[in-house]
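Visitor: Residues 1 to 109 (UniProt numbering) make up the sequence shown, in order. If you scroll down you'll find the structure; I have some questions about it.
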Amino acid sequence: SRMRGGSRLQGERPHRGFDRQPSRGLMGGRKDAKPTSSAVKRKVVVASGYFNPLHYGHVSYLEKAKESGGTLVVIVNNDRQAALKLGDRPGLRAMSARDRVKTVRSLAC
């Protein structure tokens, strides 16, 4: 789904086209495949985080990422990743991944 300003937000489900087998890679497994000139010219900025809970520092980080130009792709780490990082500290997992995605999606950057 798209955010305002041409940004994209990634949540727990992989984006269409990136849910293929890793061995196929971005070029579909063809060793002789080359990106098109439009693909080479398009700038993509990737920002990743837990955003749990979302705070001003996160908003500033995303705004600066967007200001660097191109299409902003935001990756919100899922609940399993958060649990691996935080361990057995449920008080630190204030928001579910679904709620974090909705909150980040509501931003204007």
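All C-beta atoms, glycine included, are put in the ideal place defined by N, C-alpha and C. Since we're looking at a predicted model, the values are computed, not measured.
Distance, Cα to Cα, R105 vs L54?
Guide: Here residue 105 refers to the residue found at position 105 when the sequence shown is read from its first residue. Here residue 54 refers to the residue found at position 54 when the sequence shown is read from its first residue. Distance between the alpha carbons of R105 and L54 is about 11 Å.
Visitor: Using the beta-carbon count (16 or more within 10 Å), is A84 buried or exposed?
Guide: Position 84 of the sequence shown, counted from the start, is the residue given in the question as residue 84. Note that residue 84 is Leu in the sequence shown, not Ala. Result: exposed.
Visitor: In three-state terms, what does DSSP make of A97?
Guide: On the sequence shown, residue 97 is found 97 positions in, with the first residue counted as 1. Three-state result, A97: helix.
Visitor: Can you give the beta carbon distance from A47 to Y61, rounded, assuming they're within the 8 Å contact cut?
Guide: Locating residue 47 in the sequence shown gives position 47, counting from the first residue. Locating residue 61 in the sequence shown gives position 61, counting from the first residue. Yes, A47 and Y61 are in contact; Cβ-Cβ is about 6 Å, under 8 Å.
Visitor: Classify S48 as helix, strand or coil using the three-state DSSP reduction.
Guide: Residue mapping note: residue 48 aligns to position 48 of the sequence shown, counting from 1. S48 falls in the strand class under three-state DSSP.
Visitor: Of the choices G70, K41, Y50, whose alpha-carbon is the least far from that of V101?
Guide: Taking the sequence shown and counting its residues from 1, the one referred to as residue 101 is at position 101. Of the candidates G70, K41, Y50, the one whose C-alpha sits nearest the C-alpha of V101 is Y50.
Visitor: Taking only three categories from DSSP, how would you classify L72?
Guide: In the sequence shown, the residue the question calls residue 72 occupies position 72. In this structure, L72 counts as strand in the three-state DSSP scheme.
Visitor: Could you give the DSSP three-state label for K66: helix, strand or coil?
Guide: Reading the sequence shown from its first residue, position 66 is the one you call residue 66. Helix, per DSSP.
Visitor: Residues in its own chain within less than 6 Å of T103 by CB, not counting five upstream and five downstream?
Guide: In the sequence shown, residue 103 corresponds to position 103, counting from 1. Correct list, in chain order: L54.
Visitor: Going by the beta-carbon positions, is the gap between A65 and V45 smaller than 8 Å?
Guide: As a first step, residue 65 is located in the sequence shown; it is residue number 65 there, counting from the start. As a first step, residue 45 is located in the sequence shown; it is residue number 45 there, counting from the start. In contact: A65 and V45 (Cβ atoms closer than 8 Å).
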